[in-house]
Structure formats: structure tokens, C-alpha cells
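Shown next, in C-alpha cells, is the structure this report addresses.
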Amino acid sequence: MLAVVFPTQKMLHDSTIGLIILVFLQWLCAFLIPLPALYSTVLICIGYVVSMFLPLYEFIDLLVVSMVFVAFSIGLIVFCVRKSTSKVQPVQQQQQQQQQNHHASSVQFMKYVVVMYIIFVFLGYGPIGLLTAIDYVQQVSSRTYIGLGLLPPVCLFIDIIILYIYNQDLRRYLMSIVK
Numbered sequence: 001m002l003a004v005v006f007p008t009q010k011m012l013h014d015s016t017i018g019l020i021i022l023v024f025l026q027w028l029c030a031f032l033i034p035l036p037a038l039y040s041t042v043l044i045c046i047g048y049v050v051s052m053f054l055p056l057y058e059f060i061d062l063l064v065v066s067m068v069f070v071a072f073s074i075g076l077i078v079f080c081v082r083k084s085t086s087k088v089q090p091v092q093q094q095q096q097q098q099q100q101n102h103h104a105s106s107v108q109f110m111k112y113v114v115v116m117y118i119i120f121v122f123l124g125y126g127p128i129g130l131l132t133a134i135d136y137v138q139q140v141s142s143r144t145y146i147g148l149g150l151l152p153p154v155c156l157f158i159d160i161i162i163l164y165i166y167n168q169d170l171r172r173y174l175m176s177i178v179k
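Listed below in C-alpha cells is the structure:
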């Protein structure tokens, strides 16, 4: 995402130090975010009763924070794409037509990205996140978990199909292999 927002920054593209900093920040977040859940799990194993903090935290951690972050990232990328396509002012009529086609394809691609986001997050991981919050209030059967566990792979498969439909070069390549 940072490489799209800041395309001229050499630190994000070529620098080893920049990549190390980004990896370190990602690892730090991956370590700090699940700490309350680990602490609460230890308390449950010892036998203490856990308050409503854990289900609320897991719901916010699994769904709200991740959905807001991904939506913010997609919004930032859409903003940068629109900003970059509006900067280019073609001189000739043919170039102007090419620019309009490029802008239309960029907007169409962003629509595909938003649809894929909605499918994967709301239909794939949304029910699982809700179930983690509900499970502490009332016991849910293991069949429900198994059924909801199938949603993310199915949604991922749907997203792959959408990408296949959108990407014409990939379709041509795969059809040339099949034929």
C-alpha cells in the first residue's frame, strides 16, 4: 500500500533498511495485538472466569480493526489512482481517448476490488468474527464452526474467479495452455 501511495520514495522500493523497518513493524503488530487473547486464555486454563472483555476484544480485533484497515487501504489506493489518472492531460484526440479508456479500466478495477473485499470480509470472515463473540455467551456446536470454517475458502475461490474474469491476459494464457 505504501508503495502505491508513495511511488517515488526509493526507501519503499529499493532500500533494504526500508524493508526491514516495514517487516519489523508488521511483526511488532502481530506480536502485540493477540496478547490480551493469550492472557485471557491462560486465565481460562487456570480456572478464572473471564469477563466480557475477551469476546468484545476478539470481535473488534478480528473484524472491526481489520475491516477498517483494509477499507482505509483500498480507499487510499482508489484516491491515488483517481488522482494520478486526472493529472495526465493528453495532447491529441487519440491520446485523450486512450486516457479515457485507461481511466474507465482503473475505475472498473477498483469496483472489482471493492466487490472482492465485501465478499471476502463480510461473507467469509464476518460470520466467524461474530461467532467468536457469541460463543462466550452461549455454547455453539462444533458443526456450526465447521460450516463457518468453509466460508473463507469458498469466498477466496469466488475472489479468484472474479480475478480470472477481470484479467484478460491471464485468461488468454490459461486458454493457450489448455488448447
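Each residue of the sequence shown is one higher than the one before, starting from 1 at the first, in UniProt numbering.
Where is the CB? At the ideal position from N, CA and C, for every residue including glycine.
Please list, in chain order, all residues of the same chain as residue i whose beta carbon is under 6 Å from its beta carbon, the five residues on each side excluded.
i	result
M110	V78
residue 180	With the chain represented from 1 up to 179, any question about residue 180 goes unanswered, as that position is not in the structure.
Please list, in chain order, all residues of the same chain as residue i whose beta carbon is under 8 Å from its beta carbon, the five residues on each side excluded.
i	result
P152	F120, G124, Y125 and I128
Y117	V70, A71 and I74
L131	V140, T144, Y145 and L148
By DSSP, does residue i sit in helix, in strand, or in coil?
i	result
P34	coil
K83	helix
V23	helix
S141	coil
K179	coil
L63	helix
L150	coil
Leaving aside the five residues before and after residue i along the sequence, list all residues of the same chain whose C-beta is less than 7 Å from its C-beta, in chain order.
i	result
I33	D61
L170	Y164
F157	none
Taking all protein chains shown into account, do 16 or more other C-beta atoms lie within 10 angstroms of the C-beta of residue i, making it buried, or fewer, making it exposed?
i	result
C29	exposed
L38	exposed
L63	buried
M175	exposed
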